[in-house]
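To start, the structure itself, in structure tokens.
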Amino acid sequence: MKMPELTPCERIDGGFQVKISMSFPLRWVNSYVLKGQDGFTIVDPGPRSTDTEEEWGHVFQELGMSFGDISDIVVTHHHPDHYGLAGWMQQQGQARVHMSARSHKEAMLMWGHPDSQADASMPMEQRLPSFFVHHGFPVDQVSALKLHMQQAHLQVNPQPDITVIPAGEDVRLEWGGRSWLPIETGGHAPGHVSLYEPNSGVILCGDAVLPRISPNISLLPGSDTQPLQSFLDGLQRLGELEVAWAYPGHRNPFGYFRERTQALLAHHEERLDKFHELIQPEGSTAYELCIAVFSDKLGIHQLRFAMSETLAHLVELVRRGRASINESNHIARFYPLHGK
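Here is the structure:
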């Protein structure tokens, strides 16, 4: 285990960017430590593992703090690399854990809870493989997908008790000595919350807008039925903000926030055109289109995201009248529509 990189946030007095390790190709997730009069606020503590627990121990030692000094933990969204350690940290020091109501609903859909009634008879590690197979996913890869989904549970337990972040344009939340406007968007994760400070133009944007890479947009059973539309709507909203400096969930802080929202909007329009071009007149499955765009050499983790992203774009093409879907057979097929 290497020591986590700890960097002062130039635009946030008393704030630190902490690079917490993760096993996925992104290598690290950005957590943020904000110092306020009533204690520290941690934004997105990272995935849970023995290594990340030890990494936070080093961070606490470096900053001269303990679990008891954490007053609040803010989770931008429910994905394990952001949400995972929240429950464990809460148990160590009794901090309040904040996330949006929709994000908490998604966490229960994905990860469940011993006290939850959220479709306990059909956990996501069973629902998602069945959903994928309906869209042409190879049956011989189902066991690997289920194992991958089950392993993700280890990164999110225990589940935290949640304080819901209220919605509304007049809401202001006092964390780390600053007054934040929570901005809820979807697409990458329903209920994703970015924290924006209008006076300084600083935004903690989680995975809503990332530099250099495009956030994954996934269609999942039981979740948002039009995730790409939600993501594009969110980019439009975020792009209207006066942002001077952005602190993202991955990669490094950046200043070209509005330009990045426009680039992501253009990227997805190009990707929609690409999928539309590849749909065959006799019909194509989502899996066929997935490997045509993303490769047939992906590991199971990347294949899961590529498959979900393919489906998100295909249902957007259907919504726009550029494709149709026939689900009358065991395997769903998409067909191109032209002139729209």
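First residue of the sequence shown: 15, per my numbering; consecutive thereafter.
Where a beta carbon is used, it is the ideal one built from N, C-alpha and C, also for glycine.
All of these numbers come straight from a predicted model, not from anything done at the bench.
Check	Outcome
Asp133, DSSP secondary structure in three states	Note that Asp133 has pLDDT 46, beneath the 50 cutoff, so the model's placement of it is unreliable and the number below is only indicative. Note: Asp133 maps to coil in three-state DSSP.
Three-state class that DSSP yields for Glu211 in the structure shown	strand
Residue interval of the beta strand (DSSP E) (run including Lys49)	Trp42 to Gly50
Three CB pairs or more closer than 8 Å across the segment 170-188 and the segment 326-333	no
Assigned exposure category for Thr369 - 16 Cβ within 10 Å defines buried	There is simply no residue 369 to check, as the chain begins at 15 and stops at 354 in what is shown.
Stretch pair the segment 179-193 + the segment 44-60: three plus CB contacts closer than 8 Å	yes
Below-7 Å beta-carbon distance, Phe348 vs any chain D residue	Of the protein chains in the structure, only one exists, and it is not chain D.
C-beta contact flag for Gly297 and Arg347 at 7 Å	yes
Integer Cβ distance of Phe207 from Ser117, believed to fall under 8 Å	Here residue 207 is Val; the residue named in the question, Phe, does not match the sequence. Confirmed, about 7 Å.
Three-state class that DSSP yields for Asp27 in the structure shown	coil
Length-filtered (3 minimum) beta strand (DSSP E) runs lying within the segment 89-147	110-114
Given Gly236 as reference, the closest of Phe268, Ala181, Leu99 and Lys119 once Cα atoms are compared	Lys119
8 Å contact criterion, which Val257 and Phe271 should meet: CB distance rounded	4 Å
Exposure label - Gly71; buried when at least 16 CB within 10 Å	exposed
Backbone secondary structure at Thr324 - three-state DSSP	helix
Reduced DSSP category for Gly60 - H, G, I as helix; E, B as strand; rest coil	coil
Status (buried if at least 16 other CB within 10 Å, exposed otherwise) for Lys288	exposed
Helix, strand or coil at Val32 according to DSSP, with G and I counted as helix	strand
Separation of Asn171 from Gln165, as counted between CA atoms	11 Å
One or two residues paired with Ala337 in a DSSP bridge	Pro350
Cβ-based neighbour list, Asp133, same chain, cut-off 6 Å, excluding 5 preceding and 5 following	Confidence at Asp133 is low in this model, with a pLDDT of 46, below 50, so the placement of that residue is unreliable and no value is reported for it.
Whole-Å CB distance - Val47 paired with Ile34, under 8 Å assumed	With a Cβ gap of about 11 Å, Val47 and Ile34 do not count as contacting.
Sub-7 Å separation of Ile314 and His92 beta-carbons	no
Given 8 Å, three or more beta-carbon pairs between the segment 141-151 and the segment 91-110	no
Through-space distance from Leu312 to Phe145, alpha-carbon basis	19 Å
CA nearest to the CA of Asn213, picked from Gly200, Pro229, Ser228 and Ser193	Ser193
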